[in-house]
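Step one of this worksheet: look at the structure below.
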Amino acid sequence: MGRYDNMSEKRIPVIIDCDPGCDDTAALLLAFRCPELDVRGITTVSGNVPLDKTTYNALRVAEAIGTDVRVCPGADRPMFREAVYAPHVHGEDGLLGIPLPAPKRKASFYKAWDFIYEEAAAQEGELEIIAVGPLTNLAIALAAHNDLAGMIKRIVIMGGAAQGGNVTPCAEFNIYVDPEAAGMVMKSGIPLCVCGLDVTLKAYLTAAEIGEIKALGTPQAELFAAVTEQNCEKVFCPQGAPLHDPAAVLFAADSSYFTVQRCWMGVETTGTITRGKTVTDCWSDAQKDPNVELVLDVDRERFAKTVKRLMERY
1 MGRYDNMSEK RIPVIIDCDP GCDDTAALLL AFRCPELDVR GITTVSGNVP LDKTTYNALR
61 VAEAIGTDVR VCPGADRPMF REAVYAPHVH GEDGLLGIPL PAPKRKASFY KAWDFIYEEA
121 AAQEGELEII AVGPLTNLAI ALAAHNDLAG MIKRIVIMGG AAQGGNVTPC AEFNIYVDPE
181 AAGMVMKSGI PLCVCGLDVT LKAYLTAAEI GEIKALGTPQ AELFAAVTEQ NCEKVFCPQG
241 APLHDPAAVL FAADSSYFTV QRCWMGVETT GTITRGKTVT DCWSDAQKDP NVELVLDVDR
301 ERFAKTVKRL MERY
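Position 119 of the sequence shown, counting from 1, maps to 119 under the working numbering, and the rest follow consecutively.
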């Protein structure tokens with residue numbers, strides 16, 4: 001059970017900053033059924049596919065969920081680099097050609113960074129961000145609004161890794177796409193929790209567990225299964241389908257079944273081979289001042305049960 005399952009306590013106001021994307025879609029489906037979370041809006045960024053497609057997908061997924069929260073588009077490219085996409089993972093449209101209906105509404109006229117600032121002010125220091133795409137929107141928000149860092153309670157990031165990578169041997173995709181933006185966020189002074197590949201590769205569902213969710217029979221359960229099952233039987237996680245972005249959502253809702261280590265984390269921006277590598281002092285003698293809570297492990301069985309329980313709420 002999460003911190004606010006009895007619904008009598010205050011829910012956590014959050015904005016989900018994302019680049020849908022298959023695992024972003026799964027994360028959104030779960031976030032809107034987490035009783036601990038009050039999702040105030042969705043901001044989109046260029047990442048898995050270009051911005052026009054991530055925004056269109058966010059609108060389609062929001063409609064499938066049945067929510068009318070704002071969808072605010074943000075950055076259409078990294079801050080200082082050429083855009084990088086992942087169509088080989090998510091398809092050219094970002095959702096593997098899954099036939100979701102066209103959305104009935106349009107994206108908000110607010111830019112992502114202005115919406116983040118407005119909502120942070122409205123929530124009076126209680127707003128949290130769940131960032132599951134490149135961190136460009138957040139870096140622009142921090143640059144555009146000098147007082148923003150003191151107005152955000154916490155950012156939960158899906159990105160990076162203490163060891164290894166996926167888009168390169170040493171870099172995870174979200175950080176690799178815009179390492180300068182990630183570096184700005186790491187230096188912001190905002191409390192940060194980082195759910196990198198160290199934990200997300202352990203936060204997987206087996207093919208059988210995905211089948212159980214699909215058997216729930218709702219359109220949302222079928223969508224969840226469709227965007228998740230394609231990740232089964234990959235070499236980097238042979239046990240099942242890693243739920244990268246959903247891990248960040250579930251951590252934000254209830255961290256009690258995750259293992260966390262406070263440490264320093266920085267981002268490599270100047271290297272060629274090491275572009276986007278997240279560097280930590282987890283196991284070194286450097287002992288720099290900690291700036292993140294690095295999430296390293298998860299109770300996999302409880303994670304899987306929580307995912308299914310949330311999908312049963314549709």
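Each residue gets a CB set at the ideal place from its N, CA and C atoms; glycine is no exception. As the structure is a prediction and not an experimental result, all values here were calculated from the model.
Check, Outcome
"ASP23 versus PRO101 - alpha carbon distance", "19 Å"
"Whether ALA86 touches ARG77 by CB criterion (8 Å)", "no"
"PRO219, enclosing alpha helix (DSSP H) - first and last residue", "219-228"
"Neighbour flag for PRO169 against chain B, beta carbons, 8 Å", "Absent from the structure is chain B; it holds one protein chain and no more."
"Coarse secondary structure for ILE155, derived from DSSP in three states", "strand"
"According to DSSP, residues forming a beta bridge with PHE258", "VAL298"
"Contained alpha helix (DSSP H) runs [length at least 4] in the region 138-223, N- to C-terminal order", "173-177, 179-186, 197-200, 207-214"
"Residue burial classification, GLU172 (beta-carbon count within 10 angstroms, cutoff 16)", "buried"
"Sub-8 Å separation of ASP178 and MET79 beta-carbons", "yes"
"Beta-carbon separation (whole angstroms), LEU30 vs PRO246, contact threshold 8 Å", "5 Å"
"Close Cβ partners of PHE303 (< 6 Å) along its chain, the five nearest in sequence each way excluded", "ALA203"
"Cβ neighbour criterion (16 or more within 10 Å) applied to HIS90", "buried"
"Beta-carbon proximity check, ALA162 vs ASP198, cutoff 8 Å", "yes"
"Collapsed DSSP secondary structure at VAL69 in the structure displayed", "coil"
"Where THR43 falls: helix, strand or coil (DSSP)", "strand"
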